[in-house]
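In this note's numbering, the protein residues as written are 41 to 554.
See the structure below:
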């Protein structure tokens, strides 16, 4: 029986690699895009998977081995593999994988470990597994030239690779190789090494915190004279528009503009095969725009489970001087965003019974509910929230002054005018007659006298028709919070807008003033 199994297993492998693989290579060359891969091809691949698993099962091997060999002989064409992965991955991860874990859990009876000797043996299993996986991966990474920090991270992440362990344990249990008590011990070992990953990574990060601060201080010394801007965008088209905004706002400052474009894909379960394509599509327009402007930018692509928190950490830990983000679709007036916002409002009204007036399609206060509030409150540098309303160029800007706290906008307006060579008009909405009022009037008068193109409007009220002459607006975050509640109707007609916060960390004012 053993000879029979060995001979036919070898024959099976030979057929799969010498007959099936060349055939599949030809299939991959013909069917390499979504237009030509139809349901028949997908059904054929799945049928091949089932047949391969069935043959290994009747040969005395496990069905998993046949499924693995079927995956190995798939066409090497990366496009074919990406498409097939997309078609089967969601079903396998969302349906079959949870069923496998549930099945394993049902077979695991913790009560079988009922003596101190067995618990000691279980502890030994856990220690050996940690030393083998963590230590082996760490020293291997160090051997090939990785730093100690990265080597420790690699060891910690390899230590969590428990899925294949569960698969092997299940096979061993089904074949009678493992006793029920040993099976439970090894399952516990798998769970412990998996759940310890996050605390272990956090501990490594804590240990290197002081070391990283020293490196950060050296890096800051090398970056003196740069005004570092982080531009975080979602949709590819918005990236190019926000690049134009950043260029017009900061390119003519005293310090050289150092711009980093950041795009995050939310969801750590994104297949690594897809990330290159995501990165290429996302950064294409913004790189094209940077080339037209003659501006060198850094691009940064990451996968994240918490985009808002990760953006704040990047800004605070890497010494950025300004964060530029988009406001989302609720404030945009582009056709696609209007349609999406109306659909969302209709959905809420229908299913959540929150009946609102039609103006709820555009509600300025909705910005406060977005993640942009997190950026403004958690970052240690100024933040700009850009509202795209068919932005092209800020040649005629309006700057809203609602209190003396808004006077920091004067420096931004001056830098903007040096780039656009246009006009900027201050709208003073402060109604008091006191020291603060005089401070505002004096500052605006000085700006008007010393800077060409800076004007002061005689208007004292914010109305919809006032925006007809302007294509860009600057407003502070504090004033936005106030006016978005008081002037909803007027703000429906506002142009493209940059909402600026003057956050905690000292701004490089000379970089803005020039």
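Every residue, glycine too, gets a C-beta built ideally from N, C-alpha and C. The structure displayed is predicted, hence computed values, not measured ones.
Quick check on residue i: buried or exposed, where buried means 16 or more other Cβ atoms within 10 Å of its Cβ?
i           : result
residue 392 : Note that residue 392 scores a pLDDT of 47, beneath 50, so its modelled location is shaky; the value from the coordinates is reported in the next line. With fewer than 16 other Cβ atoms within 10 Å, it is exposed.
residue 461 : exposed
residue 534 : buried
residue 44  : exposed
residue 520 : buried
residue 191 : buried
residue 195 : buried
residue 352 : buried
residue 471 : exposed
residue 78  : exposed
residue 177 : buried
residue 179 : exposed
residue 540 : buried
residue 322 : buried
residue 383 : Confidence at residue 383 is low in this model, with a pLDDT of 47, below 50, so its placement is unreliable and the value that follows should be read with caution. When all chains shown are included, residue 383 counts as exposed.
residue 357 : exposed
residue 102 : buried
residue 171 : exposed
Please tell me whether residue i and residue j are closer than 7 Å, where the distance is taken between their beta carbons.
i           : j           : result
residue 365 : residue 425 : yes
residue 326 : residue 428 : no
residue 454 : residue 482 : no
residue 459 : residue 276 : no
residue 362 : residue 422 : yes
residue 206 : residue 300 : no
residue 496 : residue 484 : yes
residue 76  : residue 127 : no
residue 295 : residue 329 : no
residue 237 : residue 200 : yes
residue 530 : residue 503 : yes
residue 564 : residue 448 : The question about residue 564 has no answer, for the chain in this structure spans 41 to 554.
residue 279 : residue 234 : no
residue 480 : residue 444 : yes
residue 173 : residue 204 : no
residue 48  : residue 99  : yes
residue 166 : residue 232 : yes
Relative to the C-alpha of residue i, which candidate in the options has its C-alpha closest?
i           : options               : result
residue 155 : 179, 176 and 225      : 225
residue 64  : 104, 55, 94 and 114   : 114
residue 120 : 169, 74, 96 and 279   : 74
residue 367 : 476, 440, 241 and 271 : 271
residue 450 : 516, 419 and 431      : 516
residue 476 : 104, 441, 172 and 245 : 441
residue 536 : 444, 522 and 434      : 434
residue 334 : 359, 293 and 287      : 287
residue 71  : 118, 180 and 189      : 118
residue 298 : 274, 339 and 323      : 339
residue 56  : 100, 109, 105 and 131 : 109
residue 189 : 142, 247, 159 and 283 : 247
residue 158 : 96, 84 and 219        : 219
Ends of the beta strand (DSSP E) at residue i?
i           : result
residue 287 : Not the beta strand (DSSP E): residue 287 falls in the alpha helix (DSSP H), residues 276-290.
residue 341 : 337-344
residue 539 : 536-541
residue 501 : Per DSSP, residue 501 belongs to no beta strand (DSSP E) and is neither H nor E.
residue 296 : 296-306
residue 430 : Element bounds for residue 430: n/a, residue is neither H nor E.
residue 269 : 266-272
residue 467 : 463-468
residue 620 : Nothing in the structure corresponds to residue 620, since the chain is present only between 41 and 554.
Specify, as a first and last residue, the run of the alpha helix (DSSP H) that residue i falls within.
i           : result
residue 50  : 42-55
residue 556 : Because the chain spans 41 through 554 in this model, residue 556 falls outside it and cannot be assessed.
residue 491 : Segment: none, residue 491 is in no alpha helix (DSSP H) and carries neither H nor E.
residue 163 : 156-170
residue 515 : Counting along the chain, residue 515 falls outside any alpha helix (DSSP H), though it belongs to the beta strand (DSSP E) covering 512-516.
residue 246 : 237-247
residue 456 : 449-460
Next on the checklist: Between the region 51-62 and the region 90-101, can you find at least three pairs of beta-carbon atoms closer than 8 Å?
Outcome noted: yes
Next on the checklist: Between the region 217-224 and the region 132-151, can you find at least three pairs of beta-carbon atoms closer than 8 Å?
Outcome noted: Output reads yes: the region 217-224 touches the region 132-151.
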